[in-house]
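All remarks here apply to the structure that follows.
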Amino acid sequence: MAGCISGIQRNGHFGTIGISSVVPVTSTLAGFPALSGVPKSNKAGHQINNLLLWQQPHPLIFAQYEYRAFPSEDTLRKWEDVVRETANWMAAFAWHNETTGFYDIGPPMYPVSEDTNPNVTRNTAFELAYWKLGIGMAINWMNELGAEVPESWTTVKDNLAKLPIDNGTYSVYEGLESNFWTDPEYTNDHPALVGLHGWLPPTEGLDLDIAKSTAEKVWTSWNISNCWGWDFPMLAMSAARNGNTEKAIDWLLDPLFIFDDVGMPVGGVRVPTPYFPGSGSLLYAVAMMAGGWDGNEENAPGFPKDGWKVRAEGISRAL
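Residue 84 is where the sequence shown starts when you use the working numbering, and the numbers rise one by one after that.
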């Protein structure tokens with residue numbers, strides 16, 4: 084673990100990330116539970132935090148964006164241990180389902196929305212997509228270094244379970260009942276399904292038409308009045324990527340997504356103020372909508388063309 088600790092704690096551009104709370108399976112793995120603190124990496128006490136998976140690939144995204152800003156071998160070397168240990172954990176966590184032939188994620192696990200039974204939750208749509216994206220980025224990272232790519236990475240990436248689909252839309256997780264769209268038990272928390280094509284770029288196996296239909300279904304079926312913080316920028320990024328720029332602006336200006344007189348992000352109906360993920364997500368969404376994203380060469384593709392004049396400088400394109 085020493086190499087991993089060194090690599091993570093020396094990230095000058097992203098600060099220090101706690102490491103002593105990583106899953107202590109072997110010296111080659113680094114798992115990142117939600118809400119791990121610094122400098123002693125204390126974890127928040129609730130069991131949910133240790134069963135959340137959606138944050139696990141985050142270090143791979145941090146590495147990728149630093150490399151875009153500073154494309155050098157030094158950057159590749161600086162993040163090498165972090166990338167390797169993070170991807171090792173992801174590959175090890177996925178397990179081979181002998182019945183289907185695919186690699187599954189969970190159980191136990193909680194999805195982003197934290198509102199399902201962790202003992203039956205498996206193959207959540209957002210986490211599967213993020214797993215495939217993250218491991219793919221780790222493979223590319225090692226290729227850039229000329230380093231060996233573990234066979235397990237490729238095996239898991241190429242054989243992950245398919246995203247769960249039911250009646251033309253993606254499901255929160257595999258096996259969830261078809262009527263979950265009308266069940267408030269599953270439509271009251273983070274609407275992560277819109278992140279499949281919004282926060283995340285298109286991933287291998289994602290059907291863009293189904294992703295768009297899913298996002299539109301979220302707009303009409305989710306209890307938006309119960310959303311808070313980064314939910315609204317995530318909804319905006321989804322609308323922007325799907326070509327509905329007016330809707331993207333509407334989400335950013337939603338009455339529930341507010342900041343107080345000194346610029347602090349208001350927690351809203353669910354969490355205390357200030358809730359800084361609201362600030363970070365707003366910055367990320369506006370940067371993406373103004374600076375663009377991979378595969379789209381338009382100027383400010385996330386903003387409406389009628390009445391908006393947007394200029395962005397010094398912003399890397401989003402993935």
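Just so it is clear, CB atoms sit at the ideal spot from N, CA and C, and this is done for glycine as well.
Since we're looking at a predicted model, the values are computed, not measured.
Buried or exposed (CB count within 10 angstroms, at least 16 for buried), residue i
i	result
residue 160	exposed
residue 377	exposed
residue 155	exposed
residue 380	exposed
residue 308	exposed
residue 267	exposed
residue 316	buried
residue 336	exposed
residue 166	buried
residue 279	buried
residue 275	buried
residue 257	buried
residue 363	exposed
residue 391	exposed
residue 338	exposed
residue 355	exposed
residue 157	exposed
residue 259	buried
residue 351	buried
residue 366	exposed
residue 397	exposed
residue 344	exposed
Boundaries of the alpha helix (DSSP H) in which residue i is found, first to last residue
i	result
residue 325	Element bounds for residue 325: n/a, residue is neither H nor E.
residue 292	291-304
residue 263	It is not in any alpha helix (DSSP H) - residue 263 carries neither H nor E in the DSSP assignment.
residue 141	141-152
residue 215	208-228
residue 173	156-176
residue 236	234-241
residue 371	360-374
residue 341	Looking at the DSSP string, residue 341 is not in any alpha helix (DSSP H), and its letter there is neither H nor E.
residue 132	131-134
Cβ separation of residue i and residue j, assumed to be a contact under 8 Å, to the nearest whole Å
i	j	result
residue 148	residue 399	7 Å
residue 204	residue 192	5 Å
residue 395	residue 373	4 Å
residue 218	residue 251	With 8 Å as the limit, residue 218 and residue 251 do not qualify as a contact, their Cβ atoms being about 28 Å apart.
residue 174	residue 211	Residue 174 to residue 211, Cβ: 14 Å. No contact.
residue 331	residue 385	6 Å
residue 269	residue 198	6 Å
residue 255	residue 304	Rounded, the Cβ-Cβ distance is 12 Å, inconsistent with contact.
CA-to-CA distance, residue j to residue i, given in whole angstroms
i	j	result
residue 222	residue 236	7 Å
residue 287	residue 216	8 Å
residue 291	residue 224	26 Å
residue 318	residue 232	35 Å
residue 110	residue 346	At residue 110, the pLDDT of 49 sits below 50, so the modelled position is not reliable and the matter cannot be decided from this model.
residue 130	residue 388	46 Å
residue 283	residue 371	11 Å
residue 177	residue 207	12 Å
residue 105	residue 188	With a pLDDT of 37 at residue 105, under the threshold of 50, the predicted position of this residue should be treated as unreliable, though the coordinate-derived value follows. Distance between the alpha carbons of residue 105 and residue 188: 18 Å.
residue 272	residue 261	18 Å
residue 133	residue 116	5 Å
residue 108	residue 114	Interpretation of residue 108 is limited by its pLDDT of 45, a score under 50 that renders its predicted location unreliable; no figure is taken from the coordinates.
residue 358	residue 190	30 Å
residue 162	residue 137	20 Å
residue 383	residue 184	43 Å
residue 200	residue 247	17 Å
residue 369	residue 393	11 Å
residue 228	residue 334	40 Å
residue 112	residue 234	15 Å
residue 348	residue 310	14 Å
residue 295	residue 249	14 Å
residue 360	residue 240	29 Å
residue 139	residue 152	22 Å
residue 320	residue 238	31 Å
residue 264	residue 277	14 Å
residue 306	residue 230	47 Å
residue 313	residue 180	34 Å
Residue i beta carbon near the ligand NAD (any heavy atom closer than 8 Å)
i	result
residue 380	In the structure on display, the ligand NAD does not appear, and there are no ligands present to speak of.
* Could you tell me whether the segment 320-333 touches the segment 295-305, using the rule of 3 or more Cβ pairs below 8 Å? => yes
* To do: Answer yes if the segment 157-171 comes into contact with the segment 136-147, meaning at least three C-beta pairs across the two stretches below 8 Å, and no otherwise.
  => yes
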